[in-house]
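Residues -22 to -1, 1 to 187, numbered by mature numbering (1 follows the signal peptide of the UniProt record, and there is no 0), are exactly what the sequence shown covers, in order. Below is one structure, written out as structure tokens; the observations come after it.
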Amino acid sequence: MRKYISAAAAFLFSAAALPLFSAAGPAEEPVEITDLTEFNAGLEKMTSSVNSIDSRFEQRKYMDVLQRDVVTSGTFSFVRPDKIRMQYDAPVDYAIVMDSESVTIISGGTENSTPVQGNPVFSQIRNMMTACMTGDLSVLGEDFSVKHYEDGAQYLVVLRPENSFIREYIAGIELRFDKETMALLSLKMMEDGADSTEYRFSDIKYNLH
């Protein structure tokens, strides 16, 4: 179950708010902002024009027990309103597919599906996915606290779980956006202890579906 939650949470936030993706650069010390007018306007403008995303991705998972990053890669696809597919092709062949009805794990030619309806774990994941895809983080309600920062060139959005169940799997999520283009520069998901997962995207194509 932990594997499903961590994987699903990771890839749903990798598509957060449907902005452009690019490589992240060094950032200054962030300063919290309270007037979100400019941020929300830029994000809404970007998300309203995107119906699908296809890209390559590199996942860098830091494991404290190994004291190093474990690197995997593959292809990512999102199609509105809620279809996501993350296909790992190196070093293993493995896929996760999620929509409003089910979460499917494909490995070694075998598919295992779990219905979303009636399952509180995947219902929560679906709610998080919807929030990220639409850019409306307010639908997360009291399950997450959200803070916004800027450092002169970037926006930093920090999500911290308030729900004790979610905190068992996710310590926090950080999203960095380019202030001018609203490009998502980086995504980092903090897990137990010092473990973390970072996603980097390339070869992005929009509205192919």
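For each residue, glycine too, the CB sits at the ideal point set by N, CA and C.
{"Check": "A68 versus L162: straight-line alpha-carbon distance, rounded", "Outcome": "24 Å"}
{"Check": "V43 to P59 span [Cα, whole Å]", "Outcome": "38 Å"}
{"Check": "L134 - containing beta strand (DSSP E), residue span", "Outcome": "Q132 to P139"}
{"Check": "For S55, the three-state DSSP class (helix, strand or coil)", "Outcome": "strand"}
{"Check": "Rounded straight-line distance, which links the Cα of D71 to that of residue 189", "Outcome": "Outside the displayed span of the chain (-22 to 187) sits residue 189, for which this structure offers no information."}
{"Check": "Sequence-distant residues of its chain with Cβ nearer than 6 Å to N90 (five each side left out)", "Outcome": "I83"}
{"Check": "Beta carbon of D77 nearer than 7 Å to that of L186", "Outcome": "no"}
{"Check": "contact_flag[the stretch 16 to 29, the stretch 172 to 180] where n(CB pairs < 8 Å) is 3 or more", "Outcome": "no"}
{"Check": "Residue interval of the alpha helix (DSSP H) (run including I144)", "Outcome": "S142 to R145"}
{"Check": "Span separating the alpha-carbon of Y147 from that of E169", "Outcome": "6 Å"}
{"Check": "Same chain only: Cβ atoms within 6 Å of N141, ignoring 5 sequence neighbours per side", "Outcome": "D121"}
{"Check": "Contacts around G20, its chain only, beta-carbon distance under 6 Å, and the 5 residues preceding and following it disregarded", "Outcome": "M160"}
{"Check": "Whole-angstrom distance between K157 and R38, CA atom to CA atom", "Outcome": "24 Å"}
{"Check": "DSSP-derived helix/strand/coil call for G20", "Outcome": "helix"}
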